[in-house]
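Peer 1: Positions 36 to 329 (this note's numbering) are the ones given, in order, by the sequence shown.
Beta carbons are placed, not taken as given, at the ideal position from N, Cα and C, and that holds for glycine.
This one's a predicted model, so the numbers in the text were calculated from it and none came from an experiment.
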Amino acid sequence: MTRTADVQRIIDLDPFRLPLGTLFPLADMAALEPFRDSLDGDHFDYEAGMVQLAVQSHLVRIGSTTILVDACVGEDKERPRRPDWHQRRGSGFLRRLASAGCAPEDIDIVVCTHLHADHVGWNTRLDHGRWVPTFPKARYLMGRTELAHWADLAGRPSEHPVNHGSYADSVLPVLEAGQAVAVTDGHDVAAGASIVPLPGHTPGHLGLRIGLVGQPTLLFTGDAMHSPAQVFNPDWSSAFCADPAEAAVTRRRFLAEAAETDTVLVPAHLRGDAMRIRRRQSGFRPVYCSCDGR
Ligand SMILES: [Zn+2]
């Protein structure tokens with residue numbers, strides 16, 4: 036029997052809109068004009084000049100293993116500097132997870148591509164005033180370099196809580212519960228699924244590659260790419276990238292690999308399922324598809 040990876044998007048917040056220049060400091064509207072057919076609507080609002088993203092998790096089932104890739108913004112978190120993330124209630128995230136046939140205790144593995152506040156929120160939930168892991172049986176995979184980076188910053192005095200306070204309320208409780216596993220490149224997540232390095236957006240940013248016999252290879256790219264606008268403009272790193280130059284090198288590398296190997300890319304914030312990459316003159320273009328490559 037062939038093994039397949041079944042992938043479903045679990046929305047936490049959609050759309051998540053950001054002005055083009057706020058998200059991509061190097062961007063300009065004129066550079067996007069030729070690509071209306073590919074971007075207008077789902078991915079970019081040309082009238083308002085807004086990039087359109089989704090904040091979502093990807094629920095991945097391979098055989099009997101259930102994986103959640105990234106954990107969004109979450110609820111009840113104190114995020115006073117982000118009004119749309121602050122003290123959220125009624126997001127419907129766990130209800131949508133249930134609609135996908137998955138209870139929190141069914142999650143075996145949570146893959147944290149990185150530890151930004153919009154990727155770790157559902158790592159924990161509030162239980163009688165305490166933050167506890169939302170997924171009680173899961174191992175939470177976090178990059179070793181990434182963990183060390185945020186632990187170091189969280190230990191220093193700062194004017195604002197580090198990373199909106201998300202290390203304290205969404206990472207530390209998982210470590211204290213003994214459910215975190217610090218991983219390095221090549222870590223085997225499940226049969227056919229492994230951790231790959233995608234540094235730049237954060238120091239220890241990682242991706243999840245799934246290669247199953249007879250299936251297209253899937254690469255969950257986290258925030259190494261926010262928008263298909265970056266397929267056309269790979270040098271546009273985000274304002275939230277720790278090392279924009281390194282992020283651009285990483286992006287060009289996996290775009291070239293994806294074009295050569297027909298890999299299906301699944302960016303964390305893509306408003307859609309996935310995309311394949313094709314060569315275009317000296318650059319690339321996306322071809323939207325489902326996660327099984329169709
Ligand atoms: Zn993000």
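Could you work out which residue in Pro321, Val155, Ser273, Thr148 is closest to Ala203 when comparing CA atoms only?
Peer 2: Start at 1 with the first residue of the sequence shown, and residue 203 comes out as number 168. The shortest Cα separation from Ala203 among Pro321, Val155, Ser273, Thr148 belongs to Val155.
Peer 1: If Thr169 and Thr159 are in contact, beta carbons under 8 angstroms, what's the gap, nearest whole angstrom?
Peer 2: In the sequence shown, residue 169 corresponds to position 134, counting from 1. In the sequence shown, residue 159 corresponds to position 124, counting from 1. That belief holds up - the Cβ atoms of Thr169 and Thr159 are roughly 6 angstroms apart, short of 8 angstroms.
Peer 1: Confirm the yes/no value for this check: CB of Asp258, any heavy atom of ligand 1, distance under 6 angstroms.
Peer 2: Walking along the sequence shown from the start, residue 258 turns up at place 223. Yes, the Cβ of Asp258 comes within 6 angstroms of a heavy atom of ligand 1.
Peer 1: Please classify Asp297 as buried or exposed, where buried requires at least 16 neighbouring CB atoms within 10 angstroms.
Peer 2: The residue labelled residue 297 in the question sits at position 262 within the sequence shown. Label assigned to Asp297: exposed.
Peer 1: Sorry if obvious, but does the Cβ on Asp153 come closer than 6 angstroms to a heavy atom of ligand 1?
Peer 2: Within the sequence shown, residue 153 is the residue found at index 118, counting from 1. Yes; taking the cut-off as 6 angstroms, the Cβ of Asp153 has a heavy atom of ligand 1 nearer than that.
Peer 1: In terms of residues, what are the limits of the beta strand (DSSP E) holding Pro321?
Peer 2: Within the sequence shown, the letter at position 286 stands for residue 321. Where Pro321 is concerned, the enclosing beta strand (DSSP E) stretches over 318-324.
Peer 1: Taking only runs of the beta strand (DSSP E) that begin and end inside the segment 174-233, which ones reach a length of at least 3 residues, in chain order?
Peer 2: 174-178, 215-218, 223-225, 228-232, all fully within the segment 174-233.
Peer 1: Mapping DSSP to helix, strand and coil, what is Ser262?
Peer 2: Counted from its first residue, the sequence shown places residue 262 at position 227. Ser262 falls in the coil class under three-state DSSP.
Peer 1: Quick check on the DSSP output: the beta strand (DSSP E) that includes Thr101 runs from which residue to which?
Peer 2: As a working mapping, residue 101 is identified with position 66 in the sequence shown. Where Thr101 is concerned, the enclosing beta strand (DSSP E) stretches over 100-104.
Peer 1: Decide if the segment 239-250 is in contact with the segment 171-184; the criterion is three or more beta carbon pairs, one per stretch, under 8 angstroms apart.
Peer 2: These segments touch.
Peer 1: Following the continuous alpha helix (DSSP H) through Thr296, name the residue where it begins and the one where it ends.
Peer 2: Translated into the one-based positions of the sequence shown, residue 296 becomes position 261. Thr296 -> alpha helix (DSSP H) spans 279-296.
Peer 1: Go through its chain and collect everything with a Cβ distance to Val90's Cβ below 8 angstroms, but skip five positions before and after it.
Peer 2: Residue 90 sits at position 55 when you count from the first residue of the sequence shown. Cβ within range, chain order: Ile46, Asp47, Leu48, Asp49, Phe51, Cys107, Val108, Asp153, His304.
Peer 1: Which partner residues does Asp75 have in the DSSP bridge list?
Peer 2: Stepping through the sequence shown from its first residue, residue 75 is reached at position 40. Paired residue(s): Phe79.
Peer 1: To which residues of the same chain is Pro54 closer than 7 angstroms at the C-beta, ignoring the five residues directly before and after it?
Peer 2: The count along the sequence shown starts at 1 and reaches residue 54 at position 19. Within the same chain, Pro54 has close Cβ partners Gly84, Met85.
Peer 1: What are the boundary residues of the alpha helix (DSSP H) that Gly257 is part of?
Peer 2: In the sequence shown, the residue the question calls residue 257 occupies position 222. Gly257 -> not in any alpha helix (DSSP H); beta strand (DSSP E) instead, spanning 253-257.
Peer 1: Closer than 7 angstroms by C-beta to Gln87: which residues in its own chain qualify, once you throw out the five before and the five after it? Chain order, please.
Peer 2: Counting from one through the sequence shown, the residue named residue 87 turns up at place 52. Taken in chain order, the residues that qualify are Pro50, Arg52, Asp77, His78, Phe79, Asp80, Arg306.
Peer 1: By DSSP's criteria, Ser92 is part of a beta bridge. Which residues make up the other side?
Peer 2: As a first step, residue 92 is located in the sequence shown; it is residue number 57 there, counting from the start. Bridge partners of Ser92: Ile45.
Peer 1: Would you mind sorting Leu182 into buried or exposed? The rule is 16 or more other CB atoms within 10 Å of its CB.
Peer 2: Within the sequence shown, numbered from 1, the residue matching residue 182 stands at position 147. Buried, by the Cβ-count rule.
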